[in-house]
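Heads up: the structure comes next, in structure tokens.
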Amino acid sequence: MFVALQNWVEGGKAPGTLEIKSSDASVSLPLCVYPLKITYRGEGSAKSASSYACK
Numbered sequence: 001m002f003v004a005l006q007n008w009v010e011g012g013k014a015p016g017t018l019e020i021k022s023s024d025a026s027v028s029l030p031l032c033v034y035p036l037k038i039t040y041r042g043e044g045s046a047k048s049a050s051s052y053a054c055k
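Shown next as structure tokens:
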């Protein structure tokens, strides 16, 4: 997440969706840009960012 923020500040490239992880990396979720909201795709692990979309 730090690199995405650094690229935004120093390079003017705003981040799209970021992926956040729990401290033990057992859960990952997308962090959506406003006004999009995280939505479960209906399949896959509820603990995996790939199972979600920003809509």
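So the sequence shown is residues 1 to 55, counted in full-length UniProt numbering.
We treat Cβ as the ideally placed atom computed from N, Cα and C, and that holds for glycine.
Exercise for the section: State buried or exposed for Ala25, treating a residue as buried only when at least 16 other CB atoms are found within 10 Å of its CB. Expected result: Counting from 1 along the sequence shown, the entry for residue 25 is found at position 25. Burial call: exposed.
Problem - Cβ-based neighbour list, Gly16, same chain, cut-off 8 Å, excluding 5 preceding and 5 following - result: The residue you call residue 16 lines up with position 16 of the sequence shown. Contacts found: Val33.
Practice task
Grab the span of the beta strand (DSSP E) containing Ala53 for me, first residue to last.
Solution key: As a working mapping, residue 53 is identified with position 53 in the sequence shown. Residues Tyr52 to Cys54.
Problem - Candidates Asn7, Val9 and Ser50: closest to Leu31 by CA position - result: Taking the first residue of the sequence shown as 1, we reach residue 31 at position 31. Nearest of Asn7, Val9 and Ser50 to Leu31, Cα basis: Ser50.
Handout entry: Under 7 Å between C-beta atoms of Leu18 and Met1
Key = Looking up residue 18 in the sequence shown gives position 18. Looking up residue 1 in the sequence shown gives position 1. It is a contact, given that the beta carbons lie within the stated cut-off.
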